[in-house]
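Protein chains in written order, with this note's numbering: chain S, 106 to 403; chain G, 158 to 499.
Beta carbons: idealized from backbone N, C-alpha and C, even for Gly.
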């Protein structure tokens with residue numbers, strides 16, 4: 106294995122890791138404010154990818170407009186699921202919330218399956234994204250370069266919102282103590298909705314990037330990606346946005362490296378995230394950033 | 158020594174006796190299709206009451222059944238098929254010699270299926286129950302996927318995606334129904350024992366349970382392993398009923414069906430799980446029309462495979478939002494006869 110090959114795999118890992126990171130942020134933020142594993146998050150990503158597909162293939166929108174449509178649509182869907190399905194259960198036992206989340210997840214998968222069929226649809230990748238750049242033998246497409254850059258940009262925005270705005274302060278306070286937040290005159294439900302909107306919007310971007318890289322969309326695509334992104338959130342330290350990004354990159358790189366250098370284990374590619382998840386739970390349940398659940402998050 | 162049988166024990170004996178009579182009557186009088194549905198109901202009863210033990214009684218949200226049922230089914234199938242049959246049907250890779258050597262009769266096969274599932278559950282318990290939080294759900298969900306990946310990628314043991322065929326059809330209503338009765342009886346005994354009370358304590362208030370000296374790790378592990386044992390046995394019965402199994406049989410839909418069963422019946426109620434099974438498995442047969450083309454007189458809708466699953470998920474969401482207690486709540490059959498008490 107030479108240096109060039111290694112660098113090539115690093116580029117791929119960076120791209121894959123960025124996508125996991127974008128989706129993991131949604132898991133981690135919702136977990137922070139509601140202590141809920143939002144099983145539907147992966148499927149909201151799927152809806153985002155489908156919206157992007159419809160925007161381009163059916164409405165004929167340019168790529169950026171289709172992404173905008175997908176982000177807005179997914180954010181609204183995320184907020185709607187909170188309003189309809191999670192908000193009435195705020196005081197219910199935790200298990201009711203989890204079961205409802207599974208129900209929403211299964212509903213989204215199957216309604217898309219019934220409406221649009223289970224066969225993967227080719228995603229209309231814009232031509233300039235498939236353009237190949239060759240830097241002294243290092244070959245990558247514009248898309249695989251764009252994914253990490255956009256991810257870093259979005260991450261900066263998210264961190265700015267979390268740490269520099271009043272809403273961000275409210276989100277962090279909510280993760281810290283719900284009752285005090287209510288006493289301070291902050292509408293907790295509005296903040297939770299905001300978190301769902303932000304997380305779902307990021308997931309939509311992640312979903313579209315996924316659809317660009319593996320150019321197809323299908324109703325069940327969110328299941329496995331969502332699970333791995335959740336594993337990424339736990340590996341990085343659930344509740345922490347930075348941790349979700351680190352976890353996403355770790356899982357992305359692991360997958361790429363294993364497939365590239367141990368091809369005989371390629372069939373187990375999808376299992377590595379869980380092995381990592383179990384190891385983290387065994388040896389460091391708080392994840393890499395080591396966030397203590399009884400103390401502050403984010 | 159004189160044995161005194163209390164009134165409620167008489168009632169239990171009467172219920173068991175009538176169930177046994179029904180099994181005999183059904184297998185001698187009913188047609189094949191009905192018997193098949195009854196077999197399904199019996200197997201799903203075993204799975205539902207055991208799933209309810211970890212989810213409803215202990216309150217630990219888990220999504221494990223499809224994984225353990227798959228394990229049980231594969232173990233049983235490999236033990237029941239003889240060496241020639243295995244050699245004949247392994248098309249992708251020739252089986253390992255030790256796979257050819259696996260052989261047991263039906264009872265032992267079911268026992269090994271349960272034990273193996275249970276041991277795997279024990280291994281999973283260490284990472285997930287040492288930490289608090291809902292990691293069990295995500296780990297068990299991933300576990301189901303891993304089992305599928307393993308089954309597809311190890312054709313020397315499982316014949317890959319082709320699955321195992323021509324499994325001897327040992328399961329009949331006596332086996333499935335008999336084991337279902339045993340499972341319900343066993344689970345009810347656990348729920349009413351001191352272990353069962355500890356499980357409910359963990360569900361209702363984990364801190365209080367710890368303060369009262371309950372070893373929550375042990376109790377959760379016990380509930381999880383018991384569930385896994387019965388799910389392995391149920392998987393074995395299923396394999397010997399269907400006579401052919403493949404990795405695609407044990408998708409998440411399997412778990413989802415069981416989740417609806419125990420939610421509809423009432424999380425935490427074993428009787429509810431039995432009622433839920435009859436409703437959902439019977440109802441799923443009846444709802445087959447949803448997947449087919451429908452004629453509304455004015456217009457005809459095309460065939461929509463998967464419509465049933467949409468309806469299933471809507472039922473689950475609606476029950477959770479508007480009737481969280483399900484049919485039985487946390488009560489059992491006998492509680493219905495106690496008036497004025499809750």
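- Query: Among residues of its own chain, excluding the 5 on either side of residue 419 of chain G, which ones have a beta-carbon nearer than 7 Å to its beta-carbon?
  - Reply: Setting aside the 5 residues that flank it on each side, residue 419 of chain G is surrounded in the same chain by 205, 208, 209, 212, 213, 430 and 433, each with a C-beta closer than 7 Å to its C-beta; the list follows chain order.
- Query: Can you list, in chain order, the residues of the stretch 279-309 of chain G whose Cβ is nearer than 9 Å to any Cβ on chain S?
  - Reply: 281, 283, 284, 285, 287, 288, 289, 290, 291, 292, 294, 295, 296, 298, 299, 300, 302, 303, 306, 307 and 309
- Message: Give me the residue from S:111, S:130, S:249 and S:109 with the minimum Cα distance to residue 319 of chain S.
- Response: S:249
- 9 Å Cβ cut-off: residues of chain G touching residue 205 of chain S: Going along chain G in sequence order, the residues near residue 205 of chain S (Cβ under 9 Å) are 473, 474, 477 and 478.
- Message: So the candidates are S:166, S:383, S:307 and S:155; which of them puts its Cα closest to the Cα of residue 220 of chain S?
- Response: S:155
- Item | Option in S:289, S:204 and S:338 with minimal Cα separation from residue 394 of chain S | Scanning S:289, S:204 and S:338 for the CA closest to the CA of residue 394 of chain S turns up S:338.
- Interface residues of the stretch 350-376 of chain S facing chain G [CB-CB below 8 Å]: 372, 373, 375 and 376
- Using a Cβ-Cβ cut-off of less than 8 Å, give me the residues of the stretch 213-235 of chain G that come near chain S, in sequence order. Hits within the stretch, in order: 216, 218 and 220.
- Task: Just mark residue 255 of chain G as buried or exposed, buried being the case when its beta carbon has 16 or more other beta carbons within 10 Å.
- Result: exposed
- Query: Which residues in the same chain as residue 260 of chain S place their Cβ atom closer than 7 Å to its Cβ, once the five residues preceding and following it in sequence are excluded?
  - Reply: 350
- Starting from the Cα of residue 265 of chain G, find the closest Cα among G:161, G:393 and G:474 and give me that residue. G:393
- Query: Does the beta carbon of residue 287 of chain S come closer than 9 Å to any beta carbon on chain G?
  - Reply: Not closer than 9 Å to any Cβ of chain G, the Cβ of residue 287 of chain S fails to qualify, so no.
- Item | Span of the beta strand (DSSP E), counted from its first residue to its last, around residue 245 of chain S | 243-246
- Does the Cβ of residue 480 of chain G have 16 or more other Cβ atoms within 10 Å, making it buried, or fewer, making it exposed? exposed
- Can we say the stretch 321-331 of chain S touches the stretch 140-147 of chain S, given the rule of at least three CB pairs closer than 8 Å? Counting Cβ pairs under 8 Å, three or more are found: they touch.
- Task: Could you say which of S:272, S:136, S:317 and S:193 lies nearest to residue 153 of chain S if we only look at CA atoms?
- Result: S:317
- Query: Between the stretch 399-423 of chain G and chain S, which residues of the former have CB atoms less than 8 Å from a CB of the latter, in chain order?
  - Reply: 409, 413, 416 and 420
- Count the other CB atoms, across all protein chains shown, that sit within 10 Å of the CB of residue 446 of chain G; report buried if there are 16 or more and exposed otherwise. Residue burial annotation: residue 446 of chain G is exposed, with fewer than 16 other C-beta atoms found within 10 angstroms of its C-beta.
- Message: Within 9 Å of any Cβ in chain S, is that where the Cβ of residue 444 of chain G sits?
- Response: no
- In chain S, which residues lie less than 7 Å from residue 470 of chain G when you measure between Cβ atoms? 208, 211, 212 and 215
- Please look up how many angstroms separate the CB atoms of residue 295 of chain G and residue 209 of chain S, rounded, as I've assumed it's under 8 Å. About 16 Å; that fails the 8 Å criterion.
- Looking at chain G, which residues of the stretch 234-255 of chain S have a Cβ within less than 9 Å of any of its Cβ atoms? Sequence-ordered contacts of the stretch 234-255 of chain S with chain G are nonexistent [C-beta pairs closer than 9 Å].
- Report yes if the CB atom of residue 300 of chain G is closer than 9 Å to the CB atom of residue 229 of chain G, and no otherwise. In this structure, residue 229 of chain G does not lie closer than 9 Å to residue 300 of chain G by Cβ.
- Message: Pop quiz: residue 421 of chain G and residue 344 of chain G are said to be a contact at Cβ under 8 Å. What is the actual Cβ separation, rounded to whole angstroms?
- Response: Not really, about 18 Å apart at Cβ, beyond 8 Å.
- Member of S:390, S:113, S:184 and S:372 whose CA lies at the smallest distance from the CA of residue 305 of chain G: S:372
- In whole angstroms, what separates the C-alpha of residue 492 of chain G from that of residue 172 of chain G? 15 Å
- Determine the extent of the alpha helix (DSSP H) in which residue 209 of chain G is found, giving its start and end residues. Secondary structure note for residue 209 of chain G: its alpha helix (DSSP H) is the uninterrupted segment 189-209.
- Cut-off 7 Å between Cβ atoms - residues of its own chain near residue 192 of chain G, not counting five sequence neighbours on either side: 183, 184 and 330
- residue 114 of chain S versus residue 107 of chain S: straight-line alpha-carbon distance, rounded: 11 Å
- Message: Does any residue of chain G have a CB that is nearer than 9 Å to the CB of residue 225 of chain S?
- Response: no
- Query: For residue 406 of chain G, which residues from the same chain have a beta carbon less than 8 Å from its beta carbon, with the 5 sequence-adjacent residues on both sides left out?
  - Reply: 227, 230, 320 and 399
- In three-state DSSP terms, what is residue 77 of chain S? Here chain S comprises residues numbered 106 to 403, so residue 77 of chain S is not present and cannot be evaluated.
- Min CB distance residue 126 of chain S to chain G below 9 Å: no
- Message: What does the Cβ neighbour count give for residue 304 of chain S, buried or exposed, with the cut at 16 atoms within 10 Å?
- Response: Taking a 10 Å sphere around the C-beta of residue 304 of chain S, we find 16 or more other C-beta atoms and assign the residue as buried.
- Item | Where residue 403 of chain G falls: helix, strand or coil (DSSP) | coil
- Cα-Cα, which of G:404, G:371, G:347 and G:340 is closest to residue 200 of chain G? Between residue 200 of chain G and the set G:404, G:371, G:347 and G:340, the nearest pair of CA atoms involves G:340.
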